Amino acid sequence: MTSTTVGALYSQVSFLDTLFPGLGVALSYIHPLTSRKSHLGARLLCIYGLVTFLMRFAHGRVARIVEKYFTFTVEIPYTDDSYDILRNWVQSQPFATETRSMIVTLGKRAEPGNGATKNTLQYSPKNLRKTFLYKGKLVYLRSVSEEGYLHRERVFLSCMGTSNGILKEFLHDCQVTLEKQTESKTAIYMNSDDRWNLATRRGQKRINTVILPEDVKNGFFDDIAKFLDPEAVAWYVEHDQLYSRGYLLHGEPGTGKTSLSLAAAGKFGLDVYAMNLSKINDATLQKLMSKLPTRCVLLLEDIDAIESAKTRENSDAGSSTSSSVTLSALLNAIDGDVWTRRLSSA
Numbered sequence: 001m002t003s004t005t006v007g008a009l010y011s012q013v014s015f016l017d018t019l020f021p022g023l024g025v026a027l028s029y030i031h032p033l034t035s036r037k038s039h040l041g042a043r044l045l046c047i048y049g050l051v052t053f054l055m056r057f058a059h060g061r062v063a064r065i066v067e068k069y070f071t072f073t074v075e076i077p078y079t080d081d082s083y084d085i086l087r088n089w090v091q092s093q094p095f096a097t098e099t100r101s102m103i104v105t106l107g108k109r110a111e112p113g114n115g116a117t118k119n120t121l122q123y124s125p126k127n128l129r130k131t132f133l134y135k136g137k138l139v140y141l142r143s144v145s146e147e148g149y150l151h152r153e154r155v156f157l158s159c160m161g162t163s164n165g166i167l168k169e170f171l172h173d174c175q176v177t178l179e180k181q182t183e184s185k186t187a188i189y190m191n192s193d194d195r196w197n198l199a200t201r202r203g204q205k206r207i208n209t210v211i212l213p214e215d216v217k218n219g220f221f222d223d224i225a226k227f228l229d230p231e232a233v234a235w236y237v238e239h240d241q242l243y244s245r246g247y248l249l250h251g252e253p254g255t256g257k258t259s260l261s262l263a264a265a266g267k268f269g270l271d272v273y274a275m276n277l278s279k280i281n282d283a284t285l286q287k288l289m290s291k292l293p294t295r296c297v298l299l300l301e302d303i304d305a306i307e308s309a310k311t312r313e314n315s316d317a318g319s320s321t322s323s324s325v326t327l328s329a330l331l332n333a334i335d336g337d338v339w340t341r342r343l344s345s346a
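In this note's numbering, the protein residues as written are 1 to 346.
If you want it as structure tokens, here you go:
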């Protein structure tokens with residue numbers, strides 16, 4: 001073999017190594033076996049192995065190129081409301097119960113204002129991989145469990161094409177479906193650490209089921225209606241005023257405080273966010289307040305669990321952390337500028 005031939009062969013191998021890393025080394029071992037002096041079976045086996053290697057490598061390479069340049073993907077995190085929208089759709093599909101790997105949890109559905117809970121079995125697919133047709137387009141659904149969490153996951157929707165429009169349409173249809181299913185229900189969220197989680201959806205509370213003097217009840221609802229009026233919102237924005245309305249409901253347990261709040265939420269189409277002050281601290285309170293939507297009913301429970309600054313100072317002597325909310329932090333959260341910022345960004 002001349003030096004020119006060796007140089008040409010070496011340049012070809014180097015070029016192939018650029019396209020298929022490691023192929024040049026493999027060819028250097030295979031080449032002697034493919035010569036006419038080698039056994040026919042050995043040559044066929046080498047050719048088969050080479051073809052298999054190239055096909056597998058090409059498949060992975062092509063898949064990565066397609067994913068990078070021709071695939072659109074959206075992520076739905078566990079902590080966002082869009083996760084509930086997609087989960088509702090998944091649970092309505094036949095494949096949700098046919099998957100071989102599932103998570104079953106004994107969930108506790110609780111309502112604010114009382115200690116009653118109802119245990120319900122909840123099933124959901126684990127690490128789901130599913131391809132389905134939507135409006136004639138292939139959509140790939142994939143869920144991945146978050147590291148360190150048993151029941152939290154990240155969900156990805158992917159499609160091929162020149163835009164992600166089909167994914168937006170799909171999620172919009174899922175949202176419309178859920179809204180139709182729950183249009184006559186009130187969503188109740190409860191805090192878990194520094195997150196709001198959907199606890200339940202219940203039928204809207206009727207006003208006539210709230211036992212209160214008619215003048216008090218009507219005055220309460222009329223005041224809320226005036227506050228939610230678009231002209232009132234414009235006035236708050238124009239005068240740079242804090243856009244919030246607070247009511248102090250007091251009385252013995254079972255006198256209708258929670259029922260009145262739920263009736264107001266149902267009448268005006270608002271979701272309820274129930275915060276138990278006895279189970280959070282100042283930092284968690286601020287985070288929860290910052291995550292509230294523009295329009296909602298915030299129900300603060302166990303208001304008597306808060307501490308004054310003096311009590312906090314005495315109880316925290318020798319401790320760098322506290323496990324309860326102080327009065328000053330609560331007042332700052334209620335009267336803070338978080339409401340003004342949310343209104344201006346709405």
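We put the CB at the ideal spot given by N, CA and C, even for glycine.
No experiment lies behind these values; they were computed from the predicted model shown.
query: Run of the beta strand (DSSP E) containing R87, from where it starts to where it stops; result: Looking at the DSSP string, R87 is not in any beta strand (DSSP E); the run it does join, the alpha helix (DSSP H), is D81 to Q91.
query: Per-residue DSSP class, three states only, for Y247; result: coil
query: Exposure label - W235; buried when at least 16 CB within 10 Å; result: exposed
query: Rounded Cβ spacing between I224 and R201 (contact assumed at less than 8 Å); result: That belief does not hold up - the Cβ atoms of I224 and R201 are roughly 21 Å apart, past 8 Å.
query: Exposure of S101, with buried meaning 16 or more beta-carbon neighbours within 10 Å; result: exposed
query: DSSP three-state assignment for K226, whether helix, strand or coil; result: helix
query: Element boundaries [alpha helix (DSSP H), containing S259]; result: K257 to F268
query: The region 239-258 contacting the region 183-203, beta-carbon criterion three pairs below 8 Å; result: no
query: As assigned by DSSP and simplified to three states, the class of N218; result: helix
query: R295 versus M55: straight-line alpha-carbon distance, rounded; result: 56 Å
query: Nonlocal neighbours in the same chain, by C-beta distance under 6 Å from S158, ignoring five residues either side; result: T71, T73 and Y140
query: Between the CA atoms of M160 and L212 - distance to the nearest angstrom; result: 58 Å
query: Given D193 as reference, the closest of I303, A187 and Q286 once Cα atoms are compared; result: Q286
query: Buried or exposed (CB count within 10 angstroms, at least 16 for buried), E153; result: buried
query: Beta-bridge pairing of W235 - partner residues as DSSP gives them; result: Looking at the DSSP assignment, W235 forms no beta bridge with any residue, so it has no partner.
query: Enclosing beta strand (DSSP E) for E301 [first to last residue]; result: V297 to E301
query: Beta-carbon contacts of Y247 that lie in its chain and below 8 Å, excluding the five residues immediately before and after; result: F220
query: Local Cβ density within 10 Å of R206, reported as buried at 16 or more and exposed below that; result: exposed
query: Sequence-distant residues of its chain with Cβ nearer than 7 Å to A232 (five each side left out); result: K226
query: Beta-ladder partner(s) of P125, from DSSP; result: M102
query: Residue range of the unbroken beta strand (DSSP E) whose run includes S158; result: E153 to M160
query: Beta-carbon proximity of I166 to K135, cut-off 8 Å; result: yes
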